[in-house]
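K.L.:
Please see the structure below; I have some questions.
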Amino acid sequence: TTYFKTVDGEEQGPDFETEITVKPEEKSTATREPDSTVLEGLAEDAAAYTEDGYTPASWKAFADALESAKEVIKKEQASQEEYNQAGADLRKAEAGLLAKADKNALQAELDDDAYSEHLWTTDSWKAYEDARENAQKVYEDENATQQQVDEATTALIEAKEGLIGRADKAALENKLNEA
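Structure follows, in structure tokens:
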């Protein structure tokens, strides 16, 4: 067991006891001034981003959050809560930036239009047309995610592979006419 040998400069033994009263400090009358330092650093870092490579919708949200942050920084007598909220909004928008999807594989599948409706059964052609229409919408959507592009590409490939050829009735008619 450890004990203090001296308390307030007086020697004490191991059986020393004293009663202590803890009093709270007087409340400070000083007020804390709002500090925009963190927000300024976030805005400076965010200004280094460029629009290239991000979807238009995610870039707009980010650019709007950055502009709002800059306005709060310029605002006279902004509160700490305003600085904090602008910083949180900017961080959220930064985390929400989405990279533009690589649509090359989807474009290649859409460019492959060597299929004619008269060669395929009605049901299989309908499934192919639906997949192709959806793929075209995804291709034209500037805000499409990579997952959406990949799913549309896969669905179009599967629809192509699912096309069922129509029976050639001409050969059958020729055999019937010969008989």
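Each residue of the sequence shown is one higher than the one before, starting from 9 at the first, in the working numbering. Cβ coordinates follow ideal geometry from the N, Cα and C atoms, glycine included. Computed from a predicted model, the values in this text were never measured in an experiment.
1) Who are the Cβ neighbours of alanine 94 in its own chain at under 7 Å, not counting the five residues just before and after it?
2) Can you name, in chain order, every residue of its own chain whose Cβ lies under 6 Å from the Cβ of isoleucine 172, other than the five neighbours on each side?
3) Does the pairing of the segment 57-74 with the segment 95-115 give three or more beta-carbon distances under 8 Å?
4) Mind checking who tyrosine 62 pairs with in its DSSP beta bridge?
5) Determine, using beta carbons only, whether threonine 161 and alanine 113 come nearer to each other than 8 Å.
6) Helix, strand or coil for glutamate 41? Go by DSSP, reduced to three states.
7) With three or more C-beta pairs closer than 8 Å as the rule, is the segment 60-70 touching the segment 21-35?
8) Taking its Cβ as the centre, do 16 or more other Cβ atoms sit within 10 Å of valine 15, making it buried, or is it exposed?
9) Identify, in the order they occur along the chain, each residue of the same chain with its Cβ nearer than 7 Å to the Cβ of tyrosine 2, setting aside the five sequence neighbours on each side.
P.N.:
With the given structure in hand:
1) Leu47, Ser76, Ala77, Val80
2) Thr129, Ser132
3) yes
4) Ala107
5) yes
6) coil
7) no
8) exposed
9) With the chain covering only 9 through 187, there is no way to say anything about residue 2.
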